[in-house]
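This report concerns only the one structure given below.
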Amino acid sequence: MATERTALFMFFGGTGDLAYRKLYPSLFNLYQKGSLRTHFAVIGTSRQAMDDDKFRAAIKKSLADSGNRSDSKEASDFISHFYYQAHDVTDTAHYSVLKEAAEKLDKKYKLQGNRIFYLSMAPQFFGTIAQDLKTQGLMSDNKDAFNRLVIEKPFGRDYDSAKQLNDALSASFEEEQIFRIDHYLGKEMIQNIEALRFGNTLVESLWNNRYIDNIQVTLSEKLGVEERASYYDNSGALRDMVQNHIMQIVSLLAMEQPVAFTDTDIRAEKVKALRSLRVYNVADAATNFVRGQYGSINDQPDYRHEDNVPHDSTTETFVAGKLLFDNYRWSGTPFYVRTGKMLADKFTRVDVVFKKPLVDIFAFPQSQSTPLAANVLTIFVEPHAGFSLQLNAKTADAGFQTEPIKLDYMVDAAKSKETPEPYERLLHDVLKGDGTNFSSWPEVSYAWKFVDQIRRVWDLQEPSFPNYTPHSMGPAAAEELIQRDHREWIYRLNK
């Protein structure tokens with residue numbers, strides 16, 4: 000049984016889709032495993048009028064929709080810890096009601112003053128909420144207790160707005176109290192990158208520019224924008240996916256080995272890696288990053304004819320690019336990234352392409368052997384989790400020819416079922432105060448500075464959209480980007 004944690008959760012945006020679909024079921028999973036048991040309580044807040052009973056009925060439905068037995072005694076006991084308070088986050092006077100409710104629940108459940116404030120709402124309210132949490136006395140003043148602020152993306156829409164937001168939060172909370180959620184960091188195989196690298200001499204000794212030719216990161220989505228069109232059109236793939244998810248994955252792949260496996264040391268190495276990421280000038284930004292927008296196929300409208308999307312929208316639904324690090328480990332080894340909507344399938348993978356032997360001794364004049372293939376280590380993140388290592392071996396016949404073979408490890412169905420969902424992992428980390436799998440402000444700032452330069456260059460050019468067919472792997476320019484370097488994407492539709 001896990002160690003029981005003690006805390007009051009206060010969810011701002013507590014009746015939203017994310018809360019019902021991900022957050023409350025994740026808390027129930029922690030409850031079932033013993034991380035939460037007797038000494039916890041949840042206050043859900045939103046502008047919506049509702050009493051505790053109606054809120055608890057919604058929680059029960061949330062658990063049922065996520066595949067849990069919502070009619071069990073365990074579920075009923077869990078739901079009894081939930082309370083609701085209608086709240087206008089812009090009205091300072093309303094916080095006194097929340098404070099009174101928090102203090103009452105603290106005494107009832109013996110919560111020791113531990114507070115977790117989860118902001119699952121529009122980011123323009125983050126600063127206001129953080130300020131009022133402090134000035135109106137909702138933060139515990141018990142020196143042995145903790146106050147932790149959890150915020151969802153987007154964290155700004157460029158460096159300037161992100162810094163303004165961070166300054167507002169920092170006026171009330173210390174950096175170590177702020178947990179910036181990136182749910183990709185809660186995924187099993189993303190967390191496995193550190194174990195794979197630093198737990199295996201075979202891997203880490205080759206993890207550098209002497210042996211690795213290039214690294215490819217692909218986050219592919221099969222669906223279009225759906226109900227997120229209004230948000231997405233003001234964001235685009237560069238801000239929505241590259242600035243956070245991709246940059247976090249890349250930093251884990253590129254960082255040096257930390258002194259110790261602690262959040263402080265891991266974050267420090269990620270920051271060092273991002274500091275060495277080359278910020279392109281105008282010409283290089285235009286050359287090394289491409290964008291796309293999906294067209295129509297059959298009954299599927301193109302992006303510009305989706306609901307709530309302007310017919311002249313220049314928002315990109317696809318990005319591919321090349322990242323270069325100016326440091327000793329990675330100088331000369333490019334990181335290629337791509338992400339988009341309405342692509343061939345939904346998956347996330349990392350392909351580490353090793354350099355071929357300098358001399359192919361099997362390519363002698365009388366040999367019928369095909370040229371040696373590059374060794375490739377693939378990390379499958381989703382929908383299936385695992386590793387694959389492509390090697391060269393002799394064919395099983397009388398002649399002497401080589402062929403690529405694969406050594407595979409996939410997480411089996413039983414283990415996969417036991418694997419915590421990303422939000423469950425991250426909420427557990429918040430309870431423990433472990434910031435390893437959350438974005439620090441320095442990481443966020445360096446990522447924005449890199450992305451902002453790409454955005455500035457794109458804003459000077461009128462794109463020719465749409466430029467890729469749905470259920471492909473993006474526009475032709477994405478292929479040209481990597482082929483220009485005499486390389487190719489490891490995952491391709493025609494393979």
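For the sequence shown, numbering that gives the first Met the number 0 begins at 0 and goes up steadily by one. For each residue, glycine too, the CB sits at the ideal point set by N, CA and C.
Helix, strand or coil at residue i according to DSSP, with G and I counted as helix
i: Gly9; result: The sequence given here places Met at residue 9; Gly does not occur at that position. Here Met9 sits in strand by DSSP.
i: Gln514; result: The chain is shown from 0 up to 494; residue 514 falls before or after that span and cannot be answered.
i: Asn213; result: strand
i: Gln460; result: coil
i: Leu137; result: coil
i: Val349; result: strand
i: Tyr495; result: Beyond the ends of the chain as shown, which are 0 and 494, falls residue 495; an answer cannot be given.
i: Ser438; result: strand
i: Thr466; result: Here residue 466 turns out to be Asn, not Thr, going by the sequence shown. In this structure, Asn466 counts as coil in the three-state DSSP scheme.
i: Arg337; result: strand
i: Asn326; result: coil
i: Asn146; result: strand
i: Ser234; result: coil
Alpha-carbon spacing of residue i relative to residue j, whole angstroms
i: Pro333; j: Phe11; result: 41 Å
i: Glu220; j: Thr468; result: 14 Å
i: Glu73; j: Val450; result: 46 Å
i: Tyr110; j: Asp157; result: In the sequence on display, residue 110 carries Leu and not Tyr. When rounded, the distance between both Cα atoms is 38 Å.
i: Tyr422; j: Gly185; result: 7 Å
i: Gln47; j: Arg483; result: 55 Å
i: Glu487; j: Ile481; result: 6 Å
i: Gln400; j: Ala392; result: 8 Å
i: Thr44; j: Ser25; result: 18 Å
i: Asp306; j: Leu222; result: 14 Å
i: Arg277; j: Lys414; result: 40 Å
i: Asn374; j: Ala446; result: 30 Å
i: Asn436; j: Leu426; result: 11 Å
i: Ala284; j: Ile265; result: 29 Å
i: Val224; j: Ile180; result: 21 Å
i: Ile211; j: Leu371; result: 16 Å
i: Lys474; j: Gly294; result: The sequence shown places Pro at residue 474, rather than the Lys named in the question. Near 10 Å, if we compare the C-alpha coordinates of Gly294 and Pro474.
i: Ala85; j: Tyr117; result: 16 Å
i: Lys271; j: Ile378; result: 23 Å
i: Asp159; j: Gly112; result: 35 Å
i: Pro462; j: Asn67; result: 47 Å
i: His304; j: Val336; result: 27 Å
i: Asp407; j: Gly15; result: 40 Å
i: Arg147; j: Pro403; result: 50 Å
i: Ile245; j: Leu218; result: 8 Å
Beta-carbon contacts of residue i that lie in its chain and below 8 Å, excluding the five residues immediately before and after
i: Lys162; result: Gly155 and Ser444
i: Lys448; result: Tyr158 and Val278
Selection from the options that minimises the alpha carbon distance to residue i
i: Val349; options: Leu388, Lys431 and Phe54; result: Leu388
i: Leu104; options: Ser79, Thr91 and Val88; result: Ser79
i: Trp524; options: Leu137, Gln176, Thr134 and Pro421; result: Any property of residue 524 remains undetermined from this structure, which presents the chain solely from 0 to 494.
i: Ser119; options: Arg20, Ala475 and Gly385; result: Arg20
i: Phe81; options: Ser171, Thr134, Gln256 and Ala56; result: Ala56
i: Phe39; options: Ala170, Met9 and Leu62; result: Met9
i: Leu323; options: Ser275, Met341, Gly294 and Gly126; result: Ser275
i: Pro257; options: Val281, Gly198 and Asn287; result: Gly198
i: His310; options: Asp232, Pro474 and Ile404; result: Asp232
i: Val318; options: Glu174, Ser69, Ser471 and Val241; result: Val241
i: Glu381; options: Thr313, Phe353 and Val410; result: Val410
i: Arg455; options: Asp51, Ile378 and Val281; result: Val281
i: Lys354; options: Lys60, Arg209, Val96 and Ser139; result: Arg209
i: Ser34; options: Thr5, Arg491, Ala272 and Leu252; result: Thr5
i: Ile214; options: Gly320, Asp166 and Thr134; result: Gly320
i: Glu420; options: Ile115, Gln190 and Gly15; result: Gln190
i: Ala497; options: Pro122, Lys106 and Ile192; result: Residue 497 lies beyond the range of the chain shown here (0 to 494); nothing can be said about it.
i: Phe54; options: Ser65, Ala63 and Ile42; result: Ile42
i: Val149; options: Gln135, His182, Thr286 and Asp143; result: His182
i: Asn141; options: Glu151, Lys152 and Arg114; result: Arg114
i: Leu97; options: Lys133, Thr347 and Phe386; result: Lys133
Residues near residue i in its chain [Cβ-Cβ closer than 6 Å; skip 5 each side]
i: Asn207; result: Arg328
i: Lys269; result: Ser250, Met254 and Glu442
i: Gln31; result: none
i: Thr49; result: As written in the sequence, residue 49 is Met, which differs from the Thr given in the question. Tyr83, listed in sequence order.
i: Ala167; result: Gly126
i: Tyr23; result: Ile58 and Ser61
i: Gly13; result: Gly43, Thr44 and Ser45
Close Cβ partners of residue i (< 7 Å) along its chain, the five nearest in sequence each way excluded
i: Glu315; result: Gly235, Ala236, Leu237, Arg290, Gly291 and Gln292
i: Ala170; result: Gln130
Please list the segments of the beta strand (DSSP E) lying wholly inside the segment 358 to 413, counting only runs of 3 or more residues, in order along the chain.
375 to 381, 385 to 393 and 401 to 409
Entirely enclosed alpha helix (DSSP H) segments - the segment 148 to 223, minimum 4 residues:
158 to 169, 187 to 197 and 200 to 203
Uninterrupted beta strand (DSSP E) stretches inside the segment 9 to 49 (no shorter than 3 residues):
39 to 45
Uninterrupted alpha helix (DSSP H) stretches inside the segment 54 to 121 (no shorter than 4 residues):
72 to 78 and 94 to 108
Quick one: which unbroken alpha helix (DSSP H) runs of 4-plus residues sit fully inside the segment 268 to 322? Chain order, please.
281 to 287
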